[in-house]
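Using our numbering, read the sequence shown as starting at 671 and increasing by one per residue. No residue lacks a Cβ here, since even glycine has one placed at the ideal position from N, Cα and C. A quick write-up on the structure given underneath.
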Amino acid sequence: MHHLSYGRILLDAETPKARFETNARETCLICLSGGCTVQIDAEESYNIGQYDAIYIPRTRLVEVATSGEVDLVECSADVAHQYPVQLVRYAEVAATPALKFTTGVAGATRELNILIGNNVKAGRIMAGFTRSAPGNWTSWPPHEKGELLEELYVYFDMKAPAFGVQFVYTKPDEPEFIGIVRDGDAVLMPRGYHPNVSIPGHSINFVWLLAAHREVKDRVFGVANVQPEFKHTASGLEAARR
């Protein structure tokens, strides 16, 4: 990956705080469970809960603290410019049809939640999460965004025995990756088509993280190249361009 980085911050009673500097990277934190306080430069303080997100600019000192437990996904990318701190409440995302919507066809139905998209001013990163209908495909029809964006999937809320199968390929007969994915796994997608499927009776759920190759210019969501064999099927991302 040229720009995109992923990390995880897990805090509890034994380790209630974490501190880091963003340096030359813009960063977003997504709360998967629990809650915490995010303090920036010891000046700004924000409380976030499940599925809330916060965008943090470059060159900031960040301290995360919890009185209970919290599970945060951390996404970052190098940027040349400053953008403002922005808090994203999931309740507002859920009430916005262009940020939360159900898409797909029979056998490939999923719910998309865009946390860091057109609603946030940033240089490279975008992020959100997808939940499939049980036993369904997502990222279908197979599509890719490699000319504009790097991507990474982090699978969550898939308690055993749930699992899925992830594909990543530029040429269908020469896949770069085919593998079983379970809760906590991550798969890098610097390029290529990347459909996945869940087992019957269970969903495949993943946080998706994106970083634009060219700052601002390539930071567009909902633009994808569908695999030629499936051109007759819409990508399912059209609602995000409302």
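- Rounded to whole angstroms, C701 and I726 show a C-alpha spacing of 14 Å.
- If you draw a straight line from the Cα of H751 to the Cα of G793, it comes to about 7 Å.
- The beta carbons of L757 and F771 sit about 22 Å from each other, so the pair does not count as a contact at 8 Å.
- Two segments are said to touch when three or more pairs of C-beta atoms, one from each, lie closer than 8 Å; by this definition the segment 703–712 touches the segment 725–741.
- DSSP, reduced to helix, strand and coil, places Y721 outside both helices and strands of the structure shown, so it counts as coil.
- By the C-beta density criterion, S715 is exposed, having fewer than 16 other C-beta atoms within 10 angstroms.
- The beta carbon of Y863 lies closer than 6 Å to those of P812, E814, Y839, Q897 in the same chain, with the five residues before and after it left out.
- In the structure shown, V890 falls within a coil segment according to DSSP collapsed to helix, strand and coil.
- DSSP places E733 within a strand segment (E or B) once states are collapsed to three.
- 8 Å or more divides the Cβ of A776 from the Cβ of L674.
- In the three-state reduction of the DSSP assignment, F900 falls in the helix class, which pools H, G and I.
- Across the structure, F900 and W810 are spaced so that their CA atoms are roughly 9 Å apart.
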